[in-house]
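Novice:
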Amino acid sequence: MFDRQTRFVWERRFIASIFLALALLTVPPASFWSRAASFWTGVVAFADETPRRQVAAPDKATAAVSPIGRKIDNFALRDFRGKETSLDEFKDAKAVVVAFLGTECPLVNLYAGRLNALAKEYSKWGVATIVVNANVQDSIAEIAHWNERHKLDLPVLKDAGNAVADKFGAVRTPEFFVLDGDRTVRYWGRFDDQYGIGYQRPEPTEEFVQAALDEVLAGKAVSRELTESIGCYIGRVKKPDETSDVTYAKQISRIFQKSCVECHREGEIAPFALTSYDEARGWAEMIDEVVRDERMPPWHASAEHGKFRNDPRLSDEEKQVIHRWVEAGAPLGDPKDLPEPPKFAAGWRIGTPDTVLKINAKPFKVPARGTVSYQYLVVDPGFKEDKWIQAAECKPGNPSVVHHIVTFVQPPDAGPPDEDHPAGRPRRAVGTIESDWLSAYAPGSPPIKLPQGLAKFVPAGSKLVFQMHYTPNGTATTDVSEIGLIFADPAKVRKEVGTWRAANPQFAIPPGAENYEVKAEHTFRKDTLLLAMFPHMHLRGKSFRYEAEFPDGRRQVLLDVPRYDFGWQNSYVPEQPVLMPAGSKLHCTAHFDNSENNLSNPDPTATVTWGDQTWEEMMIGYFSMILVDQDLTKEPKGKSRAARFHEAVKQSGGVKLGDDARRLAAEALESDEKLHALRVALEKTVPQLDRIDVTTVAGDTLTIRRVSVLPDPLKKTLSAVSLPSAKLALADYAAGAKLTVHGDLSKEKAPDLVFAARMMSSSVHVPIALDGAKGTVNFWSMEREAFPEEAVAILREAAAAMVK
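Okay, structure coming up:
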């Protein structure tokens, strides 16, 4: 332990310089496990049927100032073209819908298309619809652009002084009023119950505006007059207190530059910019609310465990300064006090890329509503030589509909297309450390920006596979996304960064379960520095915890996320990288809420299992890491593990089964854990080995007796699984006496090997006799042509030692 700590102190000199520049490492939603949650069995998907659940009514204070029953006098406003429209123009209408909208509130954009459709349908029944924009921050040009984008066939009027908003008592956008034929307010509130803060249902269960219109047109009393409006405060015209000691120029602009404008600037993922006073003052009340509620800046880690370099939270003092500024009417102050604006590379947070690749060959059409299956798109970057990636940024072309992008590396020896992935399944990059993805985009996640000395590896001839998750936003639209890459100088790369996971696909969350627990773990085979963590679940995710267990028995909570939010895919970068000595375990514990109390829950009546789609679930504790002892300036770069094995054979004149591996082989059949210990020992000599399992055949049944596989979770669940042996290649190999080697599993036709080819690329099968039954010891690798004759000889010897 002392030697490891000594090495760690030495390494920290290098790591400390790394973290000065570290804005590091997001980790993505998964694809590697998708449709192949275990090596032998698939995932059952359950149908989605959303139950009806109530939306809260306004509180008493809101109800006390309710406009219900108020008669609205005539008003006249101009639209973005300068045309004036008055309420009296619709005097013959049987009802009027007045919608208060803005150009940048995310909920407004979700409902714009739906409002247009309702207005068109109900115009047949004598209903008129008017849109009012009362935001001080929304210019006429912005309103015109917004209307062109959403194609509203309605009057869109500018309420420049908030007079009409005050007349109605409007508070937020989107907010809807239904007037009857006498212009009396009969309904006030939200459009329906589909979208809210922190949740989104697949479909609405209650249509409030539509129901109110139906009752007004039928001459009935409106049964639901009030609902709580959810959205953005209207940016009202205010008289600033110019004597305030808190101003935008002196304090607020600096807080925004430090904590907000990385996202809240033109062309970035935030819905509006905070880079100018004119924009910020209109959002002042909304900013105060989300800061006080700690919804912004987005961060979900408990302060009780760990300190993180990328923690964006504001201090209590900063929150109070913002509140005082808003209370003072959001004064500008002296423009001379403004700081220099921050400099950003045009359009790219990583700086100017060395190469930019379009993810979509042509615009992808995203429908207005419904669910879009995950799209897998393949791009050939044309890399003729190995590439080391210093920075990578996935840039959505249309952030309003792109929930996430995951970039996988598909090396030239990757498997063929299958029914789930016509373009071919992405594979783990052939590098020096476990890693199965390159980069990602998700709400709240920064791009990968690695400091000098660290890089991710892409072999020559590789293709990039992009997993695209689109979420319709209410308006039919298109997307063309991109990825930008910055290359590292290969001669200066000291350590390869890998992104791996502790995951558990074997769960079934019961209907109505409020706190269902799922656990996973990962064992580190070498001294490793943990750089970042990224928990991933879907809509039923409730909490997630990472805990380290060290070889000396100590345990330490590294990250606790007590309130997981699928809408924000945060990464968590420790202030100092965490040393995980060889043999350490990373324990991940997740809880899921499949009850009606979870408003994001697509269906509380379903039993929920693993799957790609958001109405299914995942349990993945991603982490990014580097190896303590690795120095690639002194080692060959970019070679496959099989190639490194071949070089070791040439240099040593031969390799053989070591005494330690031989001893472990003799005990390997006693438990999965002992087989796992053998695999770890064999990997020291045969590093391309990824899985060992032992199968036997009795009658027409093949039984998996023991399993050791990376990642670890599968080893716990697949022993003692039995399958019909008909047509299985492993049953044939057991019946024979000949050792079999497959250099390319993608060429095999037997169903068990076809399924194996989804995760593995080559294999060795050694016939054995075990407890009176014939069987095989099976060795697998993710690399193609992984087992030359020298490796086969070692594995044959290990198999023989297992059954002596």
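With our numbering, the residue at position 90 of the sequence shown is 90, and numbering never jumps. C-beta atoms are modelled at their ideal positions from N, C-alpha and C, and glycine is treated no differently.
Quick check: the Cα distance between Leu664 and Ala681, rounded to an integer number of angstroms?
Specialist: 8 Å
Novice: Kindly identify the DSSP beta-bridge partner or partners of Gly484.
Specialist: Paired residue(s): Val356 and Glu393.
Novice: With respect to 6 Å, is the separation between the Cβ of Lys634 and the closest non-hydrogen atom of the ligand ZN below this value?
Specialist: This structure simply doesn't include the ligand ZN, nor any ligand for that matter.
Novice: DSSP state of Tyr374, grouped into three classes?
Specialist: coil
Novice: At which residues does the beta strand (DSSP E) containing Tyr546 begin and terminate?
Specialist: Gly541 to Glu549
Novice: Pull the bridge partners of Glu175 from the DSSP assignment, please.
Specialist: For Glu175, which the question treats as bridged, DSSP gives the partners Phe100.
Novice: Classify Lys804 as buried or exposed, calling it buried when 16 or more other Cβ atoms lie within 10 Å of its own Cβ.
Specialist: Burial call: exposed.
Novice: For Lys83, which of helix, strand or coil comes out of DSSP?
Specialist: coil
Novice: DSSP state of Glu785, grouped into three classes?
Specialist: Here Glu785 sits in coil by DSSP.
Novice: From the DSSP output, which residues share a beta bridge with Asp479?
Specialist: Phe364
Novice: Going by DSSP in three states, Gly611 sits in which element: helix, strand or coil?
Specialist: Three-state result, Gly611: coil.
Novice: To the nearest angstrom, report how far apart Glu797 and Ala520 are at their CA atoms.
Specialist: 33 Å
Novice: Run the CB neighbour count on Ala170, radius 10 Å, all protein chains shown included, and call it buried at 16 or more, exposed below.
Specialist: buried
Novice: In or out: Ser315 buried (at least 16 other Cβ within 10 Å) or exposed?
Specialist: exposed
Novice: When we look at the beta-carbon of Pro511 and count the other beta-carbons within 10 Å, is it buried (16 or more) or exposed?
Specialist: exposed
Novice: Can you have a look at Thr633 and say buried or exposed, based on whether 16 or more other CB atoms are within 10 angstroms of its CB?
Specialist: exposed
Novice: Excluding five sequence neighbours on each side, which residues of the same chain lie with their C-beta closer than 6 Å to the C-beta of Val290?
Specialist: Taking C-beta separations shorter than 6 Å and ignoring five residues to either side along the sequence, the partners of Val290 in its chain run Met296, following chain order.
Novice: How many whole angstroms separate the CB atoms of Phe779 and Leu689, which I take to be in contact at a CB cut-off of 8 Å?
Specialist: 6 Å
Novice: Does the contact criterion of 3 or more C-beta pairs under 8 Å hold for the stretch 113 to 130 versus the stretch 200 to 217?
Specialist: The answer is yes - the stretch 200 to 217 touches the stretch 113 to 130, with three or more Cβ pairs under 8 Å.
Novice: Which partner residues does Gln200 have in the DSSP bridge list?
Specialist: Tyr195
Novice: Run through DSSP, which three-state label would His305 get?
Specialist: coil
Novice: What residue from Met760, Lys71, Phe75 and Arg349 has the CA that sits closest to Asp159's CA?
Specialist: Out of Met760, Lys71, Phe75 and Arg349, the CA that lies nearest to the CA of Asp159 is found in Phe75.
Novice: Would you grab the beta carbon distance between Ala331 and Ser253 for me? Rounded to a whole angstrom, and I think it's under 8 Å.
Specialist: Note that residue 331 is Pro in the sequence shown, not Ala. In fact, because the Cβ distance is near 12 Å, the residues do not count as touching under 8 Å.
Novice: Between the Cα of Phe755 and those of Ala735, Tyr374, Asp771 and Leu730, spot the shortest distance and give me the residue it belongs to.
Specialist: Taking each of Ala735, Tyr374, Asp771 and Leu730 in turn and checking the Cα distance to Phe755, the smallest one comes out for Leu730.
Novice: Give me the Cβ distance between Glu517 and His403, rounded to the nearest whole Å; I'm assuming they're in contact under 8 Å.
Specialist: No, Glu517 and His403 are not in contact; Cβ-Cβ is about 26 Å, not under 8 Å.
Novice: For the stretch 645 to 715, list the beta strand (DSSP E) runs that are entirely contained and at least 3 residues long, ordered along the chain.
Specialist: As far as the stretch 645 to 715 is concerned, its whole beta strand (DSSP E) runs of at least 3 residues are 691 to 698 and 701 to 709.
Novice: Closer than 6 Å by C-beta to Ala93: which residues in its own chain qualify, once you throw out the five before and the five after it? Chain order, please.
Specialist: Gly126 and Ala128
Novice: Could you give the first and the last residue of the continuous alpha helix (DSSP H) run that contains Phe755?
Specialist: Pro751 to Ala756
Novice: Rounded to a whole number of angstroms, what is the C-alpha to C-alpha distance between Lys552 and Asp479?
Specialist: At residue 552 the sequence reads Asp, which differs from the Lys that was named. Cα-Cα distance, rounded: 52 Å.
Novice: Based on DSSP bridge pairs, tell me the residues matched to Ser722.
Specialist: Note: Ser722 sits in a beta bridge opposite Thr703.
Novice: Output the boundary residues of the beta strand (DSSP E) element that contains Ala128.
Specialist: Going by DSSP, Ala128 is part of the beta strand (DSSP E) stretching over Val127 to Asn133.
Novice: So Arg349 and Pro447 are supposed to be a Cβ contact under 8 Å. How far apart are they, rounded?
Specialist: 5 Å
Novice: Taking one C-beta from the stretch 534 to 543 and one from the stretch 618 to 635 each time, how about it: are there three or more such pairs within less than 8 Å?
Specialist: With three or more CB-CB distances shorter than 8 Å, the stretch 534 to 543 counts as touching the stretch 618 to 635.
Novice: Give the DSSP-derived three-state secondary structure of Glu215 in the structure shown.
Specialist: In the three-state scheme derived from DSSP, where H, G and I count as helix and E and B as strand, Glu215 is classed as helix.
Novice: Between Ile234 and Phe100, which are expected to be in contact by the criterion C-beta below 8 Å, what is the C-beta distance as a whole number of angstroms?
Specialist: About 7 Å separates the two Cβ atoms, so the contact holds.
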